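Following: one structure in structure tokens, then a few remarks.
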Amino acid sequence: MLDIERENRLIGTIYDASMNSALWSNVLEEIVDYTESKTAIFTVCDQLNPKFDFTFSHNIPEEGLRAYADEQIKVIDMKLHTPHWQGVGLGGAVKQDFTSYATMLGTDEYIFYEKCLKPTGISHVCAVLLEQAKYQWAVLATHRAPTATPFEQTQLDILARLGVHLRRALQIHRQFSEVKQENQNLSSLLDYIRVGVIILDQDSRLIYTNKQAQDLIETTSHISIDRFNRLKVNVRDQIYFKRNASKPHCKFRK
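Take any residue in the sequence shown, count from 1 to its spot, add 42: that is its number in the numbering used here.
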């Protein structure tokens with residue numbers, strides 16, 4: 043049954059999670075409840091750029107998550123199940139019953155059953171394809187136990203509607219991750235330069251120091267950090283700093 047108010051709240055949480063990964067567990071829990079499922083998983087696998095891979099889940103046991111952390115299992119999942127979207131395409135939702143996997147000894151299907159389906163106790167799957175390329179995919183899937191009622195068109199429609207926002211959130215998440223990675227790379231570069239770098243916020247609280255600046259703080263009495271993590275300058279040197287802080291060539295020597 044369509045619940046517009048509930049979906050709107052859920053969509054808002056999806057966009058919040060795009061910038062705060064800790065919220066994905068809340069999103070998946072709500073999707074599981076909304077679709078009357080047992081478990082859910084949101085995964086990205088990119089063999090050419092694995093640093094952006096991630097997996098978020100709800101109610102999946104640790105054994106199943108450990109198995110899915112294996113790159114081979116992720117690739118098997120992608121290879122076996124991407125063809126299911128041939129009829130509906132990117133952004134479409136499909137449902138499947140994987141009960142037969144338990145009887146297909148010696149195949150990738152059986153490996154996937156043993157590693158993922160059996161530990162989690164699921165068979166019925168309803169999933170939406172969010173991204174897809176030759177070596178990449180992103181999927182959100184919800185699951186039900188073998189004894190449960192199979193998914194119906196209602197759940198397919200829910201995931202298809204949410205999929206529009208999940209795809210956008212995934213793009214935001216990736217861009218946000220790239221920005222953080224660039225900043226981390228910048229910090230690594232600053233650690234190796236021979237000039238001390240100290241970055242403060244508007245309240246003079248310390249955000250970052252490179253190694254040169256750390257050495258300065260540790261070995262001189264000119265600059266120190268108080269218990270509130272704010273920068274303190276020796277009274278004798280405050281006049282110098284106030285006079286010269288805005289000058290790009292300003293240096294402070296031991």
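Where is the CB? At the ideal position from N, CA and C, for every residue including glycine. Note that the structure is predicted; figures quoted are calculated from it, not measured.
Please work out which residues of its chain come closer than 7 Å, Cβ to Cβ, to residue i, disregarding the five sequence neighbours upstream and downstream, and give them in chain order.
{"i": "Asp279", "result": "His264"}
{"i": "Ser79", "result": "Thr184, His185, Arg186"}
{"i": "His100", "result": "Ser67, Leu70, Glu71, Val74, Thr81, Ala82"}
{"i": "Gln138", "result": "His126, Val167"}
{"i": "Ile249", "result": "Ile241, Leu242, Asp243"}
{"i": "Gly163", "result": "Ala187"}
{"i": "Ile102", "result": "Thr81, Ile83, Thr162"}
{"i": "Phe94", "result": "Val86, Asp88, Arg216, Ser219"}
Given that a residue counts as buried once 16 or more other Cβ atoms are within 10 Å of its Cβ, and exposed if not, what is residue i?
{"i": "Arg247", "result": "exposed"}
{"i": "Asn276", "result": "exposed"}
{"i": "Asn62", "result": "exposed"}
{"i": "Lys121", "result": "exposed"}
{"i": "Ile82", "result": "Correcting the residue type first, residue 82 is Ala in the shown sequence and not Ile. Its Cβ being crowded by 16 or more others within 10 Å, Ala82 is buried."}
{"i": "Leu90", "result": "exposed"}
{"i": "Lys2", "result": "For residue 2 there is no data in the structure shown, the boundaries of the chain being 43 and 296."}
{"i": "Gln244", "result": "exposed"}
{"i": "Gly106", "result": "buried"}
{"i": "Asn50", "result": "exposed"}
{"i": "Asn252", "result": "buried"}
{"i": "Ala109", "result": "buried"}
{"i": "Thr77", "result": "buried"}
{"i": "Lys116", "result": "buried"}
{"i": "Leu147", "result": "exposed"}
{"i": "Thr196", "result": "exposed"}
For the alpha helix (DSSP H) containing residue i, list its first residue and its last residue.
{"i": "Glu173", "result": "Not the alpha helix (DSSP H): Glu173 falls in the beta strand (DSSP E), residues 166-175."}
{"i": "Asp150", "result": "150-154"}
May I ask which residues mark the beginning and end of the beta strand (DSSP E) holding residue i?
{"i": "Tyr250", "result": "248-251"}
{"i": "Lys137", "result": "135-139"}
{"i": "Gln178", "result": "178-186"}
{"i": "Leu273", "result": "273-275"}
{"i": "Leu159", "result": "Leu159 -> no beta strand (DSSP E), and no H or E assigned at all."}
{"i": "Ser266", "result": "265-267"}
{"i": "Leu147", "result": "Leu147 -> no beta strand (DSSP E), and no H or E assigned at all."}
Return the chain-ordered list of same chain residues with a C-beta closer than 6 Å to the C-beta of residue i, the five sequence neighbours on each side being excluded.
{"i": "His123", "result": "none"}
{"i": "Tyr40", "result": "Outside the displayed range of the chain (43 to 296) lies residue 40, so it cannot be described from this structure."}
{"i": "Tyr177", "result": "Gln89, Leu90"}
{"i": "His215", "result": "Ser60"}
{"i": "Arg272", "result": "Ser246, Arg247"}
{"i": "Leu52", "result": "Glu72"}
{"i": "His291", "result": "Any reading at His291 must be qualified, since the residue scores a pLDDT of 44, below 50, and its modelled position is unreliable; the value itself is stated next. There are no such residues."}
Excluding sequence positions up to five away, which residues of its chain have a Cβ less than 8 Å from the Cβ of residue i?
{"i": "Val206", "result": "Gly133"}
{"i": "Glu274", "result": "Correcting the residue identity first, residue 274 is Lys in this sequence and not Glu. Cβ neighbours of Lys274 beyond the five flanking positions: Ile265, Ser266, Ile267, Asp268."}
{"i": "Asp150", "result": "Ile118, Lys121, Leu122"}
{"i": "Ala202", "result": "Gly133, Gly134, Ala135, Val170"}
{"i": "Arg236", "result": "Gln254"}
Quick one: is residue i near chain C, going by C-beta distance under 9 Å?
{"i": "Leu198", "result": "Structure shown: chain C not included; a single protein chain is present."}
**OP:** Note down, one range per segment and in chain order, each alpha helix (DSSP H) of at least 4 residues found wholly within the stretch 58-132.
**Re:** 66-76, 104-110, 113-123
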